[in-house]
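Trainee: Residue numbers (the UniProt record's numbering): 1 to 380. Heads up, the beta-carbon is just placed ideally off N, CA and C, and yes, glycines get one too. Quick one: the structure is below, questions incoming.
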């Protein structure tokens with residue numbers, strides 16, 4: 001029998017089997033007044049190996065369990081049920097079970113854990129809120145007794161800094177953009193802060209960078225920043241830049257229908273390109289691969305990259321983010337968009353994990369998949 005130690009002393013976890021059914025029924029009867037899982041349902045979860053179904057053993061006795069379910073082709077896990085016998089509560093067992101359930105979901109590369117709790121179940125709400133779950137919505141009359149449910153969710157994978165010479169790795173600071181069109185400047189300000197390049201007034205400088213780097217026209221509203229203009233703005237502020245672009249010449253003009261506007265955009269970007277060449281800034285045309293990205297991050301660089309938000313919210317908009325780190329499963333970004341995970345604080349939106357496959361789909365914009373990445377370091 002394979003076991004794994006729980007976080008609470010003396011607690012071990014094993015996969016549920018039919019020998020545990022009597023104990024599971026006792027836990028269910030003692031823990032819930034409505035919406036109890038039936039013996040038949042417990043059998044089905046066990047026999048069909050549905051999700052992750054673990055029981056907690058203490059001195060050989062089954063004292064609790066959890067069930068985590070997964071939806072195919074999504075990265076969302078659902079904590080279907082978790083319970084501990086009343087006489088074994090307040091010992092940290094519930095928290096240990098929850099941590100184990102989260103580890104199971106994380107091992108399956110799920111981004112989020114979601115669950116429902118009765119609105120008046122204060123002990124359960126306190127447990128979940130205490131370990132980082134956030135209220136998402138109220139579902140009216142969700143339970144058999146017509147009581148409401150609170151839907152809670154938590155982001156599971158977190159970036160774990162490697163140990164540096166002083167015991168920890170410095171993280172790229174997080175900054176939220178203050179307008180709908182200054183994601184590029186906000187990303188550049190994050191890189192500047194990481195390299196200790198001061199800004200007397202970041203709020204003002206965000207717009208100054210946008211004014212310097214704007215593409216002028218986009219599909220509607222204010223134009224965002226082009227890669228060449230953003231590279232020039234970075235250069236002016238003491239950063240060393242290597243610019244990777246998928247296509248030579250001006251970019252991001254496919255969505256602009258007016259020939260006159262395209263001509264203006266082209267002239268501005270051509271001026272930026274000429275200035276970068278005069279400053280001997282490398283402009284590398286071709287694919288910027290995940291292998292190269294990982295190498296640049298490992299070398300201590302910060303990467304500001306252009307992505308499409310379509311894979312996240314189905315809005316076809318170019319968007320700049322800071323790529324801070326990467327591992328075998330995720331690319332970790334600082335997304336300056338204040339609407340990204342709005343239920344979390346700015347600190348908790350730092351180093352957001354994006355699965356590699358999702359990032360590959362998001363990296364680039366438009367029909368031609370135009371890519372741009374600024375590899376930044378402090379000028380020597």
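(1) Measure the CB-CB distance between residue 246 and residue 196 and report whether it falls below 8 Å.
(2) So, with DSSP's three-state summary, where would you put residue 135?
(3) Report yes or no: do the segment 225–238 and the segment 184–199 share at least 3 C-beta pairs separated by less than 8 Å?
(4) Is it buried or exposed, residue 146, if we count other Cβ atoms within 10 angstroms and call 16 or more buried?
(5) Kindly indicate which three-state DSSP category residue 214 falls into: helix, strand or coil?
(6) Taking the C-alpha atoms as reference points, what is the distance between residue 351 and residue 40?
(7) Taking Cβ positions, are residue 269 and residue 250 nearer each other than 8 Å?
(8) Taking a contact to mean a Cβ-Cβ separation below 8 Å, would you say residue 10 touches residue 88 in this structure?
(9) Could you compute how far the alpha carbon of residue 173 sits from the alpha carbon of residue 37?
(10) Evaluate residue 319 with the Cβ neighbour count: other Cβ atoms within 10 Å of its Cβ, from every protein chain shown; 16 or more gives buried, anything less gives exposed.
(11) Tell whether a beta-carbon distance below 8 Å holds between residue 169 and residue 114.
(12) What three-state label does DSSP hand residue 224 in the structure shown?
(13) On the DSSP bridge list, what partners appear for residue 83?
(14) Taking C-beta to C-beta, are residue 56 and residue 112 nearer than 8 Å?
(15) Does the count of Cβ pairs from the segment 372–380 and the segment 237–245 closer than 8 Å reach three?
(16) Could you tell me whether the segment 198–206 touches the segment 360–373, where touching means 3 or more Cβ pairs closer than 8 Å?
(17) Based on Cα-Cα distance, which residue from 330, 279 and 215 lies nearest to residue 108?
(18) Name the two residues that bound the continuous alpha helix (DSSP H) containing residue 47.
(19) State the Cα-Cα distance for the pair residue 135 and residue 156, rounded to the nearest angstrom.
(20) Compute the Euclidean distance between the alpha carbons of residue 46 and residue 159, then round it to the nearest angstrom.
(21) Opposite residue 330 in the DSSP bridges: which residues?
(22) At a cut of 8 Å, does the segment 18–26 reach the segment 66–80 through at least three beta carbon pairs?
(23) Is residue 175 buried or exposed, if buried means 16 or more other CB atoms sit within 10 Å of its CB?
(24) Could you spell out where the beta strand (DSSP E) holding residue 377 opens and where it closes?
(25) Is residue 213 near the ligand NAD, going by C-beta to nearest heavy atom under 7 Å?
(26) Can you tell me the Cα-Cα spacing of residue 15 and residue 140, whole angstroms?
(27) In terms of residue numbering, what span does the alpha helix (DSSP H) encompassing residue 263 cover?
(28) Who are the Cβ neighbours of residue 333 in its own chain at under 7 Å, not counting the five residues just before and after it?
(29) Of the choices 279, 291 and 360, whose alpha-carbon is the least far from that of residue 309?
Mentor: In this structure, then:
(1) Residue numbering aside, residue 246 sits at position 246 when the chain shown is read from its first letter. Residue numbering aside, residue 196 sits at position 196 when the chain shown is read from its first letter. No, the Cβ-Cβ distance between residue 246 and residue 196 is not below 8 Å.
(2) As a position in the chain shown, residue 135 is number 135, starting the count at 1. Strand, per DSSP.
(3) yes
(4) Within the chain shown, residue 146 is the residue found at index 146, counting from 1. Around the Cβ of residue 146, a 10 Å sphere holds fewer than 16 other Cβ atoms; the residue is exposed.
(5) Within the chain shown, the letter at position 214 stands for residue 214. Reduced to three states, the DSSP call for residue 214 is strand.
(6) For the purposes of this step, residue 351 is taken as the residue at position 351 of the chain shown. For the purposes of this step, residue 40 is taken as the residue at position 40 of the chain shown. Take the alpha-carbon of residue 351 and the one of residue 40: they are about 43 Å apart.
(7) In the chain shown, the residue the question calls residue 269 occupies position 269. In the chain shown, the residue the question calls residue 250 occupies position 250. Cβ distance < 8 Å, so residue 269 and residue 250 count as in contact.
(8) Here residue 10 is taken as the residue at index 10 of the chain shown, counted from 1. Here residue 88 is taken as the residue at index 88 of the chain shown, counted from 1. Going by beta carbons, residue 10 and residue 88 fall outside the 8 Å limit.
(9) For this step, residue 173 is matched to residue 173 along the chain shown. For this step, residue 37 is matched to residue 37 along the chain shown. About 46 Å.
(10) In the chain shown, counting from the first residue as 1, residue 319 sits at position 319. Buried: at least 16 other Cβ atoms inside 10 Å.
(11) Walking along the chain shown from the start, residue 169 turns up at place 169. Walking along the chain shown from the start, residue 114 turns up at place 114. Cβ distance not < 8 Å, so residue 169 and residue 114 don't count as in contact.
(12) Within the chain shown, numbered from 1, the residue matching residue 224 stands at position 224. In this structure, residue 224 counts as coil in the three-state DSSP scheme.
(13) Translated into positions along the chain shown, residue 83 becomes position 83. BP columns for residue 83 point to 65.
(14) Translated into the one-based positions of the chain shown, residue 56 becomes position 56. Translated into the one-based positions of the chain shown, residue 112 becomes position 112. Not closer than 8 Å, so no.
(15) yes
(16) no
(17) Numbered from its first residue, the chain shown carries residue 108 at position 108. Of 330, 279 and 215, the residue nearest in Cα terms is 330.
(18) Counting from one through the chain shown, the residue named residue 47 turns up at place 47. In the DSSP annotation of this structure, the continuous segment of the alpha helix (DSSP H) that includes residue 47 starts and ends at 39–47.
(19) Start at 1 with the first residue of the chain shown, and residue 135 comes out as number 135. Start at 1 with the first residue of the chain shown, and residue 156 comes out as number 156. When rounded, the distance between both Cα atoms is 15 Å.
(20) Translated into the one-based positions of the chain shown, residue 46 becomes position 46. Translated into the one-based positions of the chain shown, residue 159 becomes position 159. Roughly 33 Å between the two C-alpha positions.
(21) By 1-based counting over the chain shown, the position of residue 330 is 330. Note: residue 330 sits in a beta bridge opposite 355.
(22) Contact between the segment 18–26 and the segment 66–80 is absent, because fewer than three Cβ pairs lie under 8 Å.
(23) Position 175 of the chain shown holds residue 175. It counts as buried.
(24) Here residue 377 refers to the residue found at position 377 when the chain shown is read from its first residue. Segment 372–378, the beta strand (DSSP E) holding residue 377.
(25) As for the ligand NAD, it is missing from this structure, which has no ligand bound.
(26) Your numbering for residue 15 matches position 15 in the chain shown. Your numbering for residue 140 matches position 140 in the chain shown. Approximately 34 Å between the Cα atoms of the pair.
(27) Within the chain shown, residue 263 is the residue found at index 263, counting from 1. 259–278 is the span of the alpha helix (DSSP H), which, as asked, contains residue 263.
(28) Position 333 of the chain shown holds residue 333. 321, 322, 323, 324, 352 and 354, listed in sequence order.
(29) For the purposes of this step, residue 309 is taken as residue 309 along the chain shown, with counting starting at 1. The option with the nearest alpha carbon to residue 309 is 360.
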